[in-house]
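First comes the structure, then the notes that go with it.
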Amino acid sequence: QQQVKQSPQSLIVQKGGISIINCAYENTAFDYFPWYQQFPGKGPALLIAIRPDVSEKKEGRFTISFNKSAKQFSLHIMDSQPGDSATYFCAAVTSGTYKYIFGTGTRLKVLA
Amino acid sequence: DAGVIQSPRHEVTEMGQEVTLRCKPISGHNSLFWYRQTMMRGLELLIYFNNNVPIDDSGMPEDRFSAKMPNASFSTLKIQPSEPRDSAVYFCASSTGQGQPQHFGDGTRLSIL
């Protein structure tokens, strides 16, 4: 119930392509869904986040799509760049708690 | 603005030794989290504090692990005695409260020989 399933585990995309990472959850009490980006040797950094009252949120080249009925959300990176090569984590949290439930991560490599 | 500061960045020690990891949260943040990251298990929440009080330590793997937060600007995670399977990257994160974005430090890479 508390798990967040993330896929794929790794992803290789050509420069300029679209990177898509998917996450699914079971607990309907989750009401905040952030995505984190982590570069080697660094801590995860908040990239973009969404609440379930909207179906999509866009910030620059990064878009979260949210499907409440399917209990799924995804990160789309448009015009992917080599600098986007990193590990991406989705997470889910119930706003009445402090605990983030993280997905297992997706290692993205964007080829130049 | 200063982010979450962790020290040391790297620690290599022998099995059986005591290890102390340190964290300074972002000023004004009243929630602090300790995570462990490994290839096999990903990011695991070990313990979190709110207003310096431990709220949930159910993620602490064994009694060998302990954490303290003596004041709003400092926390420690201690492992005694350390074992090779404790080798991982340990992250500290802080936030302004429930459900708010967590800001991570750059971690301590711990190697137990």
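Keeping their order, the protein sequence lines are chains V and D.
So in this note's numbering, spot 67 of the first sequence is number 51, and the numbers just go up one at a time.
So in this note's numbering, spot 99 of the second sequence is number 1042, and the numbers just go up one at a time.
Backbone N, C-alpha and C define an ideal beta-carbon position, used for all residues, glycine too.
Where residue i meets chain V, residues with beta-carbon distance less than 7 Å
i, result
"D:Gly971", "The contacting residues do not exist; D:Gly971 stays about 16 Å from chain V at best."
"D:Gln1045", "Tyr84"
"D:Ser974", "Tyr82"
"D:Gly959", "Simply none; closest approach about 28 Å."
"D:Asn1014", "Under the 7 Å cutoff, chain V gives no residues; its nearest Cβ is about 19 Å from D:Asn1014."
Contacts that residue i makes with chain D (C-beta to C-beta distance below 7 Å)
i, result
"V:Tyr16", "Gly1042"
"V:Gly27", "Phe1034, Phe1047, Gly1048, Asp1049, Gly1050"
"V:Thr88", "Gly985"
Integer Cβ distance of residue i from residue j, believed to fall under 8 Å
i, j, result
"D:Ser1025", "D:Ile1055", "5 Å"
"V:Trp97", "V:Ala29", "Since the first residue shown for chain V is -15 and the last is 96, residue 97 of chain V is missing from the structure and cannot be characterised."
"D:Phe992", "D:Ser974", "7 Å"
"D:Trp977", "D:Ile990", "5 Å"
"V:Gln(-10)", "V:Thr88", "5 Å"
"V:Ala96", "V:Phe86", "Contact doesn't hold; Cβ gap of about 29 Å is too wide."
Same chain, Cβ closer than 8 Å to residue i, five either side skipped, listed in chain order
i, result
"D:Lys1011", "Ser1018, Thr1019, Lys1021"
"V:Val38", "Phe50"
"V:Gln(-13)", "Tyr9, Glu10, Ile85"
"D:Gln1043", "Ser974"
Per DSSP, cross-strand counterpart(s) of residue i
i, result
"D:Ile1022", "D:Val962, D:Phe1008"
"D:Thr1039", "DSSP output for D:Thr1039 lists no bridge partner at all."
"D:Tyr978", "D:Leu988, D:Phe1034"
"V:Pro18", "V:Ala33"
"D:Glu957", "The partner list for D:Glu957 (beta bridge, DSSP) is empty, contrary to what the question assumes."
"V:Leu95", "V:Gln(-2)"
"V:Ile4", "V:His60"
Residues that residue i contacts on chain V, provided the C-beta gap is smaller than 9 Å
i, result
"D:Ile990", "By Cβ distance, chain V contributes nothing, its closest Cβ being about 11 Å from D:Ile990, past 9 Å."
"D:Asn993", "Tyr82"
Where residue i meets chain V, residues with beta-carbon distance less than 8 Å
i, result
"D:Leu1053", "Simply none; closest approach about 14 Å."
"D:Ile1022", "Under the 8 Å cutoff, chain V gives no residues; its nearest Cβ is about 20 Å from D:Ile1022."
"D:Asp999", "Tyr82, Lys83"
Spatial neighbours of residue i in its chain, beta-carbon cut-off 6 Å, leaving aside the 5 residues before and after
i, result
"D:Val1032", "Gln980, Gly1050, Arg1052"
"V:Lys41", "Ile34, Ile48"
"D:Glu953", "What sits at residue 953 of chain D in the sequence shown is His, not Glu. Arg1052, listed in sequence order."
"V:Leu0", "Leu is not the amino acid found at residue 0 of chain V; the sequence shown has Gly there. Excluding positions up to five away in sequence, the list reads Asp63."
Own chain, CB closer than 7 Å to residue i, minus 5 neighbours either side, in chain order
i, result
"V:Ala13", "Thr78"
"D:His1046", "Gly946, Val947, Ile969, Ala1036, Ser1037, Ser1038"
"V:Lys52", "Pro36"
"D:Leu986", "Tyr978, Gln980"
Beta-carbon neighbours of residue i, restricted to chain D and to distances below 9 Å
i, result
"V:Gly44", "Those within 9 Å of V:Gly44 in chain D number zero; the least Cβ separation is about 17 Å."
"V:Phe73", "Gly985, Leu986"
"V:Ser69", "Correct list: empty, because the minimum Cβ distance to chain D is about 18 Å."
Boundaries (first-last residue) of the beta strand (DSSP E) holding residue i
i, result
"V:Thr47", "46 to 51"
"V:Lys41", "40 to 43"
"D:Gln949", "948 to 950"
"V:Gln(-10)", "-12 to -9"
"D:Arg1052", "1051 to 1055"
"D:Pro997", "996 to 999"
"V:Ile85", "84 to 86"
Contact list for residue i against chain D, beta-carbon separation under 8 Å
i, result
"V:Ala33", "Pro1044"
"V:Leu30", "Pro1044, Gln1045, His1046"
"V:Ser79", "Gln1041, Gly1042"
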